[in-house]
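Below is one structure, written out as structure tokens, with a few remarks after it.
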Amino acid sequence: MNASLPPTSAGPAPGLDEEAVRRLVHLFYERVHKDPVLGPIFSGRIAPDAWPVHLAKMCDFWSSVLLKSGRYEGRPLPPHLALGSDAGDAQFARWLALFRPTALEVLPPDAAQAAIAHAERMAHSFRLAIGFHSGEDITRMPPLR
Numbered sequence: 019m020n021a022s023l024p025p026t027s028a029g030p031a032p033g034l035d036e037e038a039v040r041r042l043v044h045l046f047y048e049r050v051h052k053d054p055v056l057g058p059i060f061s062g063r064i065a066p067d068a069w070p071v072h073l074a075k076m077c078d079f080w081s082s083v084l085l086k087s088g089r090y091e092g093r094p095l096p097p098h099l100a101l102g103s104d105a106g107d108a109q110f111a112r113w114l115a116l117f118r119p120t121a122l123e124v125l126p127p128d129a130a131q132a133a134i135a136h137a138e139r140m141a142h143s144f145r146l147a148i149g150f151h152s153g154e155d156i157t158r159m160p161p162l163r
């Protein structure tokens with residue numbers, strides 16, 4: 019074993035399974051749909067009859083992230099790049115402000131913290147990519163809080 023390599027993840031947090039991921043995704047997007055900031059963004063891009071497909075895709079995504087299931091096959095960044103000004107700091111901060119309490123409500127504590135950490139890293143990574151693609155100076159872009 020090479021001591022210089024970082025440790026690998028020990029797997030999903032206790033109490034985290036496909037049903038927990040499904041509850042997280044469905045409750046979170048129910049809240050997003052009702053949110054005055056995020057709701058119009060999603061409603062403007064996802065037709066009412068397309069929500070079940072979107073939710074299934076998000077369940078696959080979060081299952082892959084949190085359970086390492088490999089179910090998600092796609093590239094999450096391009097749809098976010100296409101949002102333009104609808105994917106700014108305020109929107110990502112609001113997304114996290116809805117995600118954090120939903121994860122804490124639905125998941126066991128360790129699993130919630132793992133999900134929140136993934137969401138925070140993802141939001142920052144997407145913001146960096148969007149800023150880079152729009153020509154912003156991203157060298158001093160702090161993570162959202």
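Its first residue numbered 19, the sequence shown is counted upward by one per residue in my numbering. The beta carbon of each residue, even a glycine, is placed where N, CA and C say it ideally should be. From a predicted model like this one, the values you see are computed outputs, not experimental measurements.
Secondary structure in the stretch 58-116: the alpha helix (DSSP H) runs of 4 residues or longer, each lying completely within the stretch, are 69-85, 95-99 in chain order. Note on geometry: alpha-carbon atoms of Ser82 and Tyr90 lie some 6 angstroms from one another. Apart from sequence neighbours up to five positions away, the residues of its chain that approach Pro126 with a beta-carbon distance below 6 angstroms are Gly33, ordered along the chain.
Taking all protein chains in view, the Cβ of Val124 is crowded by 16 or more other Cβ atoms within 10 Å, so the residue is classified as buried. When Pro94, Arg158, Leu116, Ala133 are compared, the shortest CA-CA separation from Val55 is found for Leu116.
CA-to-CA, the gap between Phe60 and Ala132 works out to about 25 angstroms. Ranked by Cα distance from Gly92, the first of Asp107, Lys75, Leu84 is Lys75.
Relative to the Cα of Glu48, the nearest Cα in the group Ser143, Glu37, Trp69 belongs to Trp69. In the structure shown, the three-state DSSP call for Val55 is coil. Inclusion of Val50 and Trp80 in the CB contact set at 7 angstroms is not warranted, their separation being larger than that value. Spatial neighbours of Ala129 in its own chain (CB-CB distance under 6 angstroms, excluding positions within 5 residues in sequence) are listed in chain order as Ala31, Gly33, Leu34. Closest in alpha carbon position to Val39, among Gly29, Cys77, Gly57, Lys86, is Cys77. Exposed is the label assigned to Ala65, since fewer than 16 other Cβ atoms lie within 10 Å of its Cβ. In the three-state reduction of the DSSP assignment, Thr157 falls in the coil class, being assigned neither a helical nor a strand state.
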